[in-house]
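Student:
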Amino acid sequence: MNDIVVKTEDVVKEYRMGSNILRALDGINIEIERGEYISLMGPSGSGKSTLFNMIGALDRPTEGQVYIDGQNMSQLSQRQIAAFRCHRVGYIFQSYNLLHVRSAHGNVTLPMIFAGISEKDRNERAEKLLDMVGLGDRMYHLPDELSGGQRQRVAIARALANDPSIILADEPTANLDTITGREIIDLIKRLNNEQGVTVISATHDLKMLDVSDRIVDIRDGLVERIRNRDEIEIEVGDVGGE
Amino acid sequence: MQQRTPIEEQIDLPFVESLRISFQSLKIRFGRSIITTAGITLGIAFLVSVWTNNEIGIALQESGRQSTINTFEETTEQGISTKDIWLIVMSLIVCVVGIANSMLMAVTERFREIGTMKCLGALDGFVVRLFLLESGFQGFSGALIGALLGTLGAVLLGLKDYGLDLFFYFPLLPAQPENGPMQLGVIVVILIGCILGMILAVIGSSFPAWRAAKLPPAEAMRTEV
Ligand SMILES: Nc1ncnc2c1ncn2[C@@H]1O[C@H](COP(=O)(O)OP(=O)(O)OP(=O)(O)O)[C@@H](O)[C@H]1O
Ligand SMILES: [Mg+2]
Chain E
2 MNDIVVKTED VVKEYRMGSN ILRALDGINI EIERGEYISL MGPSGSGKST LFNMIGALDR
62 PTEGQVYIDG QNMSQLSQRQ IAAFRCHRVG YIFQSYNLLH VRSAHGNVTL PMIFAGISEK
122 DRNERAEKLL DMVGLGDRMY HLPDELSGGQ RQRVAIARAL ANDPSIILAD EPTANLDTIT
182 GREIIDLIKR LNNEQGVTVI SATHDLKMLD VSDRIVDIRD GLVERIRNRD EIEIEVGDVG
242 GE
Chain F
15 MQQRTPIEEQ IDLPFVESLR ISFQSLKIRF GRSIITTAGI TLGIAFLVSV WTNNEIGIAL
75 QESGRQSTIN TFEETTEQGI STKDIWLIVM SLIVCVVGIA NSMLMAVTER FREIGTMKCL
135 GALDGFVVRL FLLESGFQGF SGALIGALLG TLGAVLLGLK DYGLDLFFYF PLLPAQPENG
195 PMQLGVIVVI LIGCILGMIL AVIGSSFPAW RAAKLPPAEA MRTEV
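Line order of the protein sequences matches chains E and F.
Taking our numbering, the leading residue of the first sequence gets 2, the next gets one more, and so forth.
Taking our numbering, the leading residue of the second sequence gets 15, the next gets one more, and so forth.
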């Protein structure tokens, strides 16, 4: 039997703006297996970030259900949702979303403070994680003192703080140059390989294609098609030839 | 890695941790904190100076002294003029609006931070407590400085109007003259200023913080300031 981590059932999200209703998601059904690397692709405004928010419990769907680890998210209490965000998911955003009043180290320890981990343990773990993402020598710098790529590394270390089963990344490379973007993708892929963490990433970045196990194409709030790795390789060839 | 274990309930943070996080936040944001605090200081300084000035006026009238500068105010039977009541009410309004506004601005520019903290597992209650602590501290220090500055201002004005007589009849403590209005005294006015500043700062900050904490994180993080 497959081990399904994320399952969405007819997920609809509508935004109300005055008298207008905008249907950002129009019935999304996907299943994601544990340990997969999934890329959500699609044109701007197609609903990638909206789906990201639904899977990460950052917003509630208008209709439909999201199941994570077999648990129906709509049935969780506020406290359970907070614990879910704290322990099960690591979020990575396009604009890093670091707390600018806390150092790199302080950003990485915060989710562990929320998890109730002792000061000694969380300091040790933060150092280990920052070392792993290559920031061992910049631990106590504030985000403002770091480059974009370095900030995204802090965000990745922070996302891993409580050993989540899912990494959700919304266009993690969009603000970075090609080489730095490549490094960030490789880092995320390494975590996927070595720690078996499931990665779900919204992206426009074609560099993401060749590390993905599957690509979900989203268009107008619907899943247009799902491509497997073997189909992807052909398409990457096509892109290169254009 | 957690497998299919049921999702537990998020724990409350020990108070000391909240305190540490809030002080750290005030410290690193020092420049911005000072500006917000200055908003409180100004509001309270204005209120306390007007009020203390009024107390001084009444006290010297009670004592039978006249202002060296003759004021043509018609005094009510209690000895407090409608113009003075007006002034106090006006300064109170300016103070309330000024403080509420500076706290609201300070919270609004931190919506994104609130959303981010919720992504990392913060409970709504933690967010509110953080802002309560920060604004309580800012409110108290800002209001205390404001009250002292306001008193100083009123004393200088009083010196100009009454000369050194001011110090013989200085209304430091509450008093109830036989046929005059109850006098609160400057100490009580300072106390009221401090408490009012703190309460206004705390409400002005915690209420918008509570609203932001209630938002889904996706909404809170969308707001750009
Ligand atoms: N909070 C909101 N209020 C109103 N409309 C919204 C909101 N969030 C998203 N939308 C709309 O929903 C649609 C999908 O937006 P979404 O952000 O999911 O797109 P996206 O695929 O992530 O695009 P991009 O690649 O540009 O990030 C868009 O038309 C957007 O304008
Ligand atoms: Mg997006």
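Glycine is no exception: its CB is placed at the ideal position from the N, C-alpha and C atoms.
State the Cα-Cα distance for the pair residue 1 (chain E) and residue 137 (chain F), rounded to the nearest angstrom.
Tutor: Chain E is shown only over 2 to 243; residue 1 (chain E) falls outside these bounds and no answer can be derived.
Student: So which residues of chain E does residue 43 (chain F) contact, with C-beta pairs closer than 8 Å?
Tutor: Simply 102.
Student: Alpha carbon to alpha carbon, how far is residue 175 (chain E) from residue 48 (chain E)?
Tutor: Looking at the two C-alpha atoms, the distance is approximately 16 Å.
Student: For residue 27 (chain E), which of E:184, E:116, E:54 and E:13 has the nearest alpha-carbon?
Tutor: The shortest C-alpha separation from residue 27 (chain E) is found at E:13.
Student: Please determine whether the Cβ atom of residue 49 (chain E) lies at a distance below 7 Å from any heavy atom of ligand 2.
Tutor: The answer is yes for residue 49 (chain E).
Student: Out of curiosity, what's the CA-to-CA distance linking residue 145 (chain F) and residue 218 (chain F)?
Tutor: Between residue 145 (chain F) and residue 218 (chain F), the C-alpha separation is close to 10 Å.
Student: Less than 8 Å between the C-beta atoms of residue 168 (chain E) and residue 160 (chain E), yes or no?
Tutor: Yes, these two residues count as a Cβ contact at 8 Å.
Student: Fully enclosed by the segment 77-115 of chain E, which alpha helix (DSSP H) runs are 4 residues long or longer?
Tutor: Runs of the alpha helix (DSSP H) inside the segment 77-115 of chain E: 79-88 and 105-115.
Student: If distances are taken between C-alpha atoms only, which option among F:132, F:201 and F:162 comes closest to residue 54 (chain E)?
Tutor: Of the candidates F:132, F:201 and F:162, the one whose C-alpha sits nearest the C-alpha of residue 54 (chain E) is F:132.
Student: Straight-line CA distance for residue 208 (chain F) to residue 116 (chain F)?
Tutor: If you take the alpha carbons of residue 208 (chain F) and residue 116 (chain F), they lie about 17 Å apart.
Student: Answer yes or no: does any C-beta atom of chain E fall closer than 8 Å to that of residue 22 (chain F)?
Tutor: With 8 Å as the cut-off, residue 22 (chain F) counts as an interface residue toward chain E.
Student: How about residue 237 (chain F) and residue 126 (chain F): are their beta carbons less than 8 Å apart?
Tutor: Yes; because the gap between Cβ atoms is below 8 Å, this pair is in contact.
Student: Considering residue 176 (chain F), what are the terminal residues of the alpha helix (DSSP H) in which it resides?
Tutor: Taken as a continuous stretch (DSSP letters only), the alpha helix (DSSP H) holding residue 176 (chain F) covers 138-176.
Student: Give the C-beta separation of residue 23 (chain F) and residue 76 (chain E) to the nearest angstrom, bearing in mind that I take them to be a contact with Cβ-Cβ under 8 Å.
Tutor: Going by Cβ atoms, the distance from residue 23 (chain F) to residue 76 (chain E) rounds to 14 Å, so no, they are not a contact pair.
Student: Which stretch, first to last residue, makes up the alpha helix (DSSP H) that contains residue 167 (chain E)?
Tutor: Per DSSP, residue 167 (chain E) belongs to no alpha helix (DSSP H); it is in the beta strand (DSSP E), 167-171.
Student: Tell me the rounded alpha-carbon separation between residue 68 (chain F) and residue 53 (chain F).
Tutor: Whole-angstrom Cα-Cα distance: 23 Å.
Student: List the residues of chain F that residue 38 (chain E) touches, going by C-beta distances under 9 Å, in chain order.
Tutor: Simply none; closest approach about 16 Å.
Student: Counting contacts by CB-CB distance shorter than 8 Å, is residue 38 (chain F) in contact with chain E?
Tutor: So, interface residue.
Student: For residue 23 (chain F), which of helix, strand or coil comes out of DSSP?
Tutor: Here residue 23 (chain F) sits in coil by DSSP.
Student: Apart from the five residues on each side of it in sequence, which residues of its chain come closer than 7 Å, Cβ to Cβ, to residue 109 (chain F)?
Tutor: The residues are 57, 58, 60 and 61.
Student: For a test of your reading of the model: does the CB of residue 64 (chain E) fall under 7 Å from any non-hydrogen atom of ligand 1? Yes or no.
Tutor: No, the beta carbon of residue 64 (chain E) sits no closer than 7 Å to any heavy atom of ligand 1.
Student: Residues in the same chain with beta-carbon distance under 7 Å from residue 85 (chain F), minus the five sequence neighbours each way, listed in chain order, please.
Tutor: For residue 85 (chain F), the predicted structure reports a pLDDT of 48, less than 50, and the residue's modelled location is therefore unreliable. The matter cannot be settled from this model.
Student: Along chain F, which residues have their Cβ under 8 Å away from the Cβ of residue 185 (chain E)?
Tutor: What residue 185 (chain E) touches in chain F: nothing, since even the nearest Cβ is about 19 Å away.
Student: Report the three-state DSSP secondary structure of residue 9 (chain E) (helix, strand or coil).
Tutor: DSSP places residue 9 (chain E) in strand when its eight states are reduced to three.
Student: Kindly indicate the opening and closing residues of the beta strand (DSSP E) around residue 31 (chain E).
Tutor: 21-34 is the extent of the beta strand (DSSP E) around residue 31 (chain E).
Student: Any beta carbon from chain E within less than 8 Å of residue 132 (chain F)'s own beta carbon?
Tutor: So yes, residue 132 (chain F) belongs to the interface.
Student: For residue 98 (chain F), does the three-state DSSP call read helix, strand or coil?
Tutor: Residue 98 (chain F): helix per DSSP, three-state reduction.
Student: Give the residues from the segment 105-134 of chain F that approach chain E closer than 9 Å (Cβ to any Cβ), ordered along the chain.
Tutor: For the segment 105-134 of chain F, which is checked against every Cβ of chain E, the residues closer than 9 Å are 126, 127, 129, 130, 131, 132, 133 and 134.
Student: Can you give me the C-alpha to C-alpha distance between residue 235 (chain F) and residue 201 (chain F), rounded to a whole angstrom?
Tutor: Taking the straight line joining both Cα atoms gives about 45 Å.
Student: Check residue 229 (chain E) in the structure and name its three-state DSSP category.
Tutor: Looking at residue 229 (chain E) - three-state DSSP - the assignment turns out to be strand.
Student: In this structure, how does DSSP classify residue 134 (chain E) when only helix, strand and coil are distinguished?
Tutor: In this structure, residue 134 (chain E) counts as coil in the three-state DSSP scheme.
Student: Going straight from the alpha carbon of residue 37 (chain F) to that of residue 177 (chain F), what length do you get?
Tutor: Cα-Cα distance, rounded: 44 Å.
Student: For chain E, is any of its Cβ atoms less than 8 Å away from the one on residue 49 (chain F)?
Tutor: No, its Cβ sits nowhere closer than 8 Å to a Cβ of chain E.
Student: Does the structure place the segment 112-123 of chain E close enough to the segment 148-156 of chain E that three or more beta carbon pairs sit under 8 Å?
Tutor: Contact between the segment 148-156 of chain E and the segment 112-123 of chain E is absent, because fewer than three Cβ pairs lie under 8 Å.
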